[in-house]
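Accompanying notes for the structure given below.
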Amino acid sequence: MNGEMFYRPRSLLLQWHITERCNLRCKHCYQEANSEKELSFQDLLEVYGQFQELLDFWNQDETLPMIRGHITITGGEPFIRHDFMDLLELLSTQRQKISFAILTNGSFIGAEMTHRLHNLAPTFVQVSIDGTQATHDMIRGADDFKRATSAVKHLVREHIPTLISFTAHHSNFREFEKVAQLGMRLRVERVWADRFIPLGRGTGLQDTVLTPNETRELFEIMYRARCKRRWFCRTDIAMHRALQFLVAGGRPYHCTAGDTLITVMHNGNLYPCRRMPIRVGNLMETPLIELYHKSELFRALRNRVSDGCEGGFYSKLCRGGLKCLSYALTGDPFKTDPGCWQNLTNTGK
65 MNGEMFYRPR SLLLQWHITE RCNLRCKHCY QEANSEKELS FQDLLEVYGQ FQELLDFWNQ
125 DETLPMIRGH ITITGGEPFI RHDFMDLLEL LSTQRQKISF AILTNGSFIG AEMTHRLHNL
185 APTFVQVSID GTQATHDMIR GADDFKRATS AVKHLVREHI PTLISFTAHH SNFREFEKVA
245 QLGMRLRVER VWADRFIPLG RGTGLQDTVL TPNETRELFE IMYRARCKRR WFCRTDIAMH
305 RALQFLVAGG RPYHCTAGDT LITVMHNGNL YPCRRMPIRV GNLMETPLIE LYHKSELFRA
365 LRNRVSDGCE GGFYSKLCRG GLKCLSYALT GDPFKTDPGC WQNLTNTGK
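Start counting the sequence shown at 65; every next residue gets the next number (my numbering).
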């Protein structure tokens with residue numbers, strides 16, 4: 065193995081899309097289709113084994129800090145797979161080594177399911193809510209707001225750590241505070257937001273991508289929502305995504321794709337991030353340990369500052385902001401974040 069094979073991240077998050085099938089057809093979805101072709105359960109076990117093998121490789125030297133692994137399982141809608149609970153059962157038995165969580169639209173989560181999930185002890189379950197009832201249902205489908213909030217209530221009732229995610233675009237970003245208030249009322253652990261990336265079914269919606277000024281306004285709305293929490297409110301309004309530190313303060317965030325974040329798709333394809341769908345290889349053809357260390361894209365993502373940000377005050381820490389947005393809008397992940405209002409190349413439109 066060459067020197068690059070000994071690169072060790074501080075941790076490793078696998079975002080695992082076990083299916084593309086979904087019961088919803090959200091307007092801003094990054095999927096192009098709902099493919100029926102997906103890995104068998106035996107193949108899923110192979111993917112898990114390769115993830116464990118990579119961690120074991122890094123952790124064989126006991127004099128170095130242990131690298132912990134985490135798997136976030138999603139889709140599509142993961143609950144659509146008939147063998148999803150079998151996979152969760154396996155992961156639950158291994159959670160001393162590798163923690164796991166679930167991203168879902170909440171459609172399949174009721175009292176019985178949350179009781180089963182409670183016994184499996186995921187790190188968290190995340191449900192998407194994209195605005196008020198009218199806005200959310202316009203984006204995700206009629207009556208979905210009721211289904212999503214019902215799922216959140218069931219999860220919280222079973223004391224399962226619950227997150228609400230919010231995808232911000234031109235038509236809904238000013239409703240974030242209402243979603244934050246909802247999360248506080250429902251007593252979720254965290255409400256957070258990230259910006260819409262025009263991929264898949266959302267490719268034709270580039271006009272709804274937040275402008276630099278709207279990006280800044282969103283973060284100011286989030287910061288105000290954070291500051292309005294009462295002393296007894298445990299809900300975290302998280303602001304640790306690209307550029308959010310410019311309003312919220314704290315350590316600058318940089319894109320972790322290809323470093324502490326990797327994505328495996330329903331067919332075994334490896335991406336740096338689901339929102340940066342650049343195929344690095346396929347785990348059914350090439351082992352993860354080899355793909356992770358030999359990918360030139362991964363190496364660049366770990367180290368390269370985006371074009372247009374060189375010499376900036378935060379450049380070495382921020383590294384150029386939201387690389388998946390740059391990729392979606394320009395075809396190049398190493399162009400400066402199109403939403404950055406501090407970059408002199410932005411027009412501010």
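Virtual Cβ for every residue (Gly too), placed ideally from N, Cα, C.
None of these values were measured; they are calculated from a predicted model.
Taking only the alpha-carbon atoms, compute the straight-line gap between residue i and residue j and give it to the nearest angstrom.
i	j	result
residue 352	residue 86	27 angstroms
residue 397	residue 175	42 angstroms
residue 164	residue 327	14 angstroms
residue 178	residue 215	8 angstroms
residue 189	residue 219	8 angstroms
residue 95	residue 84	8 angstroms
residue 289	residue 350	46 angstroms
residue 106	residue 167	22 angstroms
residue 222	residue 256	21 angstroms
residue 89	residue 124	45 angstroms
residue 217	residue 80	25 angstroms
residue 74	residue 354	18 angstroms
residue 368	residue 282	27 angstroms
residue 111	residue 334	11 angstroms
residue 97	residue 140	10 angstroms
residue 364	residue 322	9 angstroms
residue 339	residue 142	18 angstroms
residue 244	residue 348	41 angstroms
Considering residue i, what are the terminal residues of the alpha helix (DSSP H) in which it resides?
i	result
residue 285	276-291
residue 198	197-204
residue 245	240-250
residue 151	148-157
residue 167	Residue 167 -> not in any alpha helix (DSSP H); beta strand (DSSP E) instead, spanning 162-168.
residue 185	Unbroken run through residue 185: none, as it is neither H nor E.
residue 211	208-221
Buried or exposed, going by whether 16 or more other CB atoms sit within 10 Å of the CB of residue i?
i	result
residue 295	exposed
residue 279	buried
residue 169	buried
residue 129	exposed
residue 236	buried
residue 292	exposed
residue 375	exposed
residue 147	exposed
residue 136	buried
residue 377	exposed
residue 297	exposed
residue 113	exposed
residue 67	Any answer about residue 67 is weak, because its pLDDT of 46 lies below 50 and its placement is not dependable; what the coordinates show is given next. Exposed is the call here.
Can you tell me where the beta strand (DSSP E) holding residue i begins and where it ends?
i	result
residue 75	75-81
residue 133	132-138
residue 106	Here residue 106 belongs to no beta strand (DSSP E); instead the alpha helix (DSSP H) covers 105-122.
residue 99	Note, residue 99: premise wrong, no beta strand (DSSP E); not H, not E.
Less than 7 angstroms between C-beta atoms, sequence neighbours within five positions excluded: which residues of the same chain meet that for residue i?
i	result
residue 70	none
residue 341	263, 335
Using a Cβ-Cβ cut-off of 6 angstroms (strictly less than) and excluding sequence neighbours within five positions of residue i, which residues of its own chain qualify?
i	result
residue 254	227, 300, 302
residue 133	76, 119, 162
residue 400	370, 372, 373, 384, 407
residue 386	306, 401
residue 287	311, 312
residue 258	305
residue 171	87, 211
residue 241	285, 289
Which class does residue i belong to by DSSP, given the choice of helix, strand or coil?
i	result
residue 343	coil
residue 353	helix
residue 272	helix
residue 333	strand
residue 144	helix
residue 364	helix
residue 325	strand
residue 21	Nothing can be reported for residue 21, as the shown portion of the chain is limited to 65 through 413.
residue 19	This structure does not reach residue 19, given that the chain is present from 65 up to 413, and the question cannot be answered.
Tell me which residues share the same chain as residue i and place their Cβ nearer than 8 angstroms to its Cβ, disregarding the 5 neighbours each side in the sequence.
i	result
residue 231	92, 192, 194, 257, 258, 259, 260
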